[in-house]
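Going by the numbering used here, the first residue of the sequence shown is number 3, and it counts up by one from there.
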Amino acid sequence: MAVDIKICGLTSAAALDAALEAGADLVGLVFYPPSPRHVSLDTARELAARAKGRARIVALTVDADDATLREIVEAIRPDFIQAHGHESPERVREIAERFATPVIKAVKVRDAGDVRGAEAYGDAAALILYDAKAPENLAEALPGGNGITFDWHLMEADGAPRAGFMLSGGLTAENVARAIAVTGAPIVDVSSGVESAPGVKDARLIRKFIEAARAAR
Ligand SMILES: O=C(O)c1ccccc1NCC(=O)[C@H](O)[C@H](O)COP(=O)(O)O
């Protein structure tokens, strides 16, 4: 079965074009001001118009309030809202209903209990995105996009979903085939692993990642 690929944290037309030309299925725009990948609404509008009809557009937010979500949804009409903060199952359901947009809920993983924690999102989330939980001593850690992997074998634990999930956290062209083989992920998501510096996407790394993920299984 083919694996879908999301390239997250695109901030420029050149990087977006590189992802689209390499065949990305989903593209992510980060709306989180402390991130080096944050985009303004104006930039997001331009990038979304460029991506429309070529890849599904994901608006990544962190504990965003309704006013912020409304501005984002009105600006870019995303195919998905990615909730990458501490959003509860109730909040995820509320976002999906209020903004008529399916939600990808990020669940941050360090141990098997974290994997089981995804169960609480039941049918509130359209997709669960398993991402690495940053170590507590990582002072500069963002809520995601830290380029850190977690133990993929934890996904074999009871409670891990059989379908409808995405895998992220420190994926690269070098490790993505192994990650897919271990977890059976139908969708993989990358940001840091296709960058030359935080927030700076590299077209060659994007192509290498997509080729490696397509060749997996
Ligand atoms: O990328 C960010 O800067 C970011 C900021 C706040 C919350 C989430 C963020 N990124 C999440 C992602 O880009 C991906 O969904 C995923 O975590 C992959 O990240 P990486 O480990 O860098 O490949």
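In this text, a Cβ means the ideal position worked out from N, Cα and C, and glycines have one as well.
Reduced DSSP category for residue i - H, G, I as helix; E, B as strand; rest coil
i, result
"PHE101", "coil"
"PHE152", "coil"
"THR63", "strand"
"ALA197", "Here residue 197 is Glu; the residue named in the question, Ala, does not match the sequence. Residue state, collapsed to three classes: strand."
"VAL192", "strand"
"ARG209", "helix"
"ASP204", "coil"
Enclosing beta strand (DSSP E) for residue i [first to last residue]
i, result
"LEU169", "167-169"
"VAL32", "28-33"
Cβ-Cβ distance between residue i and residue j below 9 Å
i, j, result
"MET168", "ILE97", "no"
"ARG39", "PRO200", "yes"
"LEU12", "ILE78", "no"
"ILE212", "ILE7", "yes"
"LEU173", "ALA181", "yes"
"THR103", "ASP67", "no"
"LEU207", "ALA175", "yes"
Neighbour-count burial assignment, residue i, 16 or more Cβ in a 10 Å radius
i, result
"ASN148", "buried"
"ASP191", "buried"
"ALA217", "exposed"
"HIS88", "exposed"
Segment limits, alpha helix (DSSP H) that includes residue i
i, result
"LEU43", "43-53"
"ALA17", "15-24"
"ASP68", "68-78"
Quiz prompt | 3-residue-minimum beta strand (DSSP E) runs that sit fully inside the stretch 98-138, ordered along the chain | solution = The beta strand (DSSP E) runs lying completely inside the stretch 98-138 and spanning 3 residues or more are 105-111 and 129-134, given in chain order.
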